[in-house]
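Asker:
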Amino acid sequence: MSTQDFSIKWLMEGAAAAFESVYTDQYHSPSNQTYFDAQTSVDFLVDGDPSVLENYSSQNVDQNYSSSVFLVLALVKELMKSGYSEADAFKSVLTTFPAQNPTDSNWKSVFESQFGFSVNDFYNVVKTSADYRRIPVTAGVDVAKVRPSRSLTVQSIFD
19 MSTQDFSIKW
29 LMEGAAAAFE
39 SVYTDQYHSP
49 SNQTYFDAQT
59 SVDFLVDGDP
69 SVLENYSSQN
79 VDQNYSSSVF
89 LVLALVKELM
99 KSGYSEADAF
109 KSVLTTFPAQ
119 NPTDSNWKSV
129 FESQFGFSVN
139 DFYNVVKTSA
149 DYRRIPVTAG
159 VDVAKVRPSR
169 SLTVQSIFD
């Protein structure tokens, strides 16, 4: 994937930060802590439109890429609902999708082809589903609902 042709921030930076968190949890975090605890500044997603996170101009609402990480982890959870294992869902997001060489102009069709649902459908699920939100759903997103298991390893994603 050429970064000059693909600049969808939440998929690039969110995926990178999610991978960093898996790596850090595996090699550097005590078993009772998770690096994902640092990815909790997702207040923007209380009523914000996830599509805003496609652009790097959204830095002011995406502290430490936390909202971007949340979207990547929600995408992983959606893939798991459709039958992927956790490791295979991460692999699909981190390696298989980028290998399809998405660009800024075709990424939505590549996304739908790769994951089996449209970007807009995904955004709507994130905005409305109790699977990702506190109850009532207007109270905002719930980071704990998307956190990966501590048993997930870098090796399980890339083997």
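Here the numbering used here is used: the first residue of the sequence shown is 19, the next is one more, and so on.
We put the beta carbon where it would ideally sit given N, CA and C, even for glycine.
1. Considering only C-alpha positions, which residue in the set Ser169, Asn78, Asp139 is nearest to Gln44?
2. Buried or exposed for Ser85, please, with buried defined as at least 16 other CB atoms from any protein chain shown within 10 angstroms of its CB.
3. Should the region 71-81 be called in touch with the region 101-115, which here means at least 3 C-beta pairs below 8 Å?
4. What is the residue span of the alpha helix (DSSP H) that Gln77 lies within?
5. Relative to the C-alpha of Met30, which candidate in Asp177, Asn119, Asp160, Ser136 has its C-alpha closest?
6. Can Arg151 and Val159 be called in contact, C-beta distance under 8 Å?
7. Could you please give the first and the last residue of the uninterrupted alpha helix (DSSP H) stretch that includes Gln44?
Answerer: Let's see:
1. Position 26 of the sequence shown, counted from the first residue, corresponds to residue 44. If we check each option's Cα against that of Gln44, Ser169 comes out closest.
2. As a working note, residue 85 is residue 67 in the sequence shown. By the 10 Å Cβ count, Ser85 comes out buried.
3. no
4. Locating residue 77 in the sequence shown gives position 59, where the first residue counts as 1. Run containing Gln77: none; DSSP gives neither H nor E here.
5. Along the sequence shown, read from residue 1 onward, the residue named residue 30 stands at position 12. Minimum Cα distance to Met30 is reached at Asn119.
6. Position 133 of the sequence shown, counted from the start, is the residue given in the question as residue 151. Position 141 of the sequence shown, counted from the start, is the residue given in the question as residue 159. Cβ distance < 8 Å, so Arg151 and Val159 count as in contact.
7. Counting from one through the sequence shown, the residue named residue 44 turns up at place 26. Run containing Gln44: 27-45, per the alpha helix (DSSP H) assignment.
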